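Since the structure comes first, as structure tokens, the remarks are kept for the end.
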Amino acid sequence: MGDGQRSEHTERTEHTERLWAPLSWWATASVLLAAVWLVLVVSTPVLTTIAGTAAAATLVLGGLGSAGAVEVGVRAGEFVAGPAHVPLAMCGAVVALDEAATRDLRGPRADARAHLLLRPWVRQAVRVDLCDSADPTPYWLVSARHPVRVAAAVAAARSVPGEGSNRAR
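For the sequence shown, my numbering gives the first residue as 2, with consecutive numbering after it.
Take a look at the structure:
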């Protein structure tokens, strides 16, 4: 397959999205930091106020930023969910879940052996069943803003020769 064809297939089969926190969470974090600053400014010396506010900002904004920086999707023949990834050849059925199905699967019908990558600000998810008999994990439940697109990308990548097949590692 020529480079042009490979590039075209890659564009069609690779889909990733980042699960950034919504603007309202960032606004809430800013209000929290303003409250911390106000408490410190009226009760501590200037240097303590600056240091305390900087420390609080680092913790709050850094934590919120890193929690939202996870990537979900299909890349280089693998299903990617944050730092975890699994070859597409090991993926079985992929189901896009709406809010109700996601809530049900993360709650009453949850399997304790499942791999979860969930973000509270993303209400939909994909369920990726695993076909590896050596792995006790039955499925991955992964938050996704566009679960239908993620499921379609997995299906498309598996239909491209070499994308979803077992490759030497």
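Using N, Cα and C, we set each Cβ at its ideal position, and we do this for glycine too. In this text the structure is predicted, and so the values were computed from the model without any measurement.
{"Item": "Mind the definition here: the stretch 123-131 touches the stretch 143-161 only if three or more C-beta pairs lie below 8 Å; say whether that holds.", "Value": "yes"}
{"Item": "Could you please give me the residues that DSSP links to E100 through a beta bridge?", "Value": "BP columns for E100 are empty, so no partner."}
{"Item": "Please classify P46 as buried or exposed, where buried requires at least 16 neighbouring CB atoms within 10 angstroms.", "Value": "exposed"}
{"Item": "Alpha helix (DSSP H) containing S44: first to last residue?", "Value": "24-44"}
{"Item": "Kindly list the residues whose CB is nearer than 6 Å to the CB of R120, restricted to its own chain and excluding five residues on each side of it in sequence; keep chain order.", "Value": "L20, S144"}
{"Item": "DSSP three-state call for D112: helix, strand or coil?", "Value": "coil"}
{"Item": "Check whether the Cβ atoms of A68 and A115 lie closer than 8 Å to each other.", "Value": "no"}
{"Item": "Identify whether L130 lies in helix, strand or coil by the three-state DSSP scheme.", "Value": "Sequence check: residue 130 is Asp here, not Leu. Correct three-state label for D130: strand."}
{"Item": "Pull up the DSSP beta-bridge partners for A82, would you.", "Value": "V73, A85"}
{"Item": "Distance check for V123 and G83, CA to CA, integer angstroms please.", "Value": "14 Å"}
{"Item": "Give the DSSP-derived three-state secondary structure of L20 in the structure shown.", "Value": "coil"}
{"Item": "Mark E100 as exposed unless 16 or more other C-beta atoms lie within 10 angstroms of its C-beta, in which case mark it buried.", "Value": "exposed"}
{"Item": "My guess is that F80 and V87 are in contact by the Cβ rule of under 8 Å, so how many angstroms apart are they, rounded?", "Value": "5 Å"}
{"Item": "On the DSSP bridge assignment, give the partners of L106 in chain order.", "Value": "None; L106 has no bridge partner."}
{"Item": "Using a 10 Å radius around the Cβ and a threshold of 16 neighbouring Cβ atoms, would you call T138 buried or exposed?", "Value": "exposed"}
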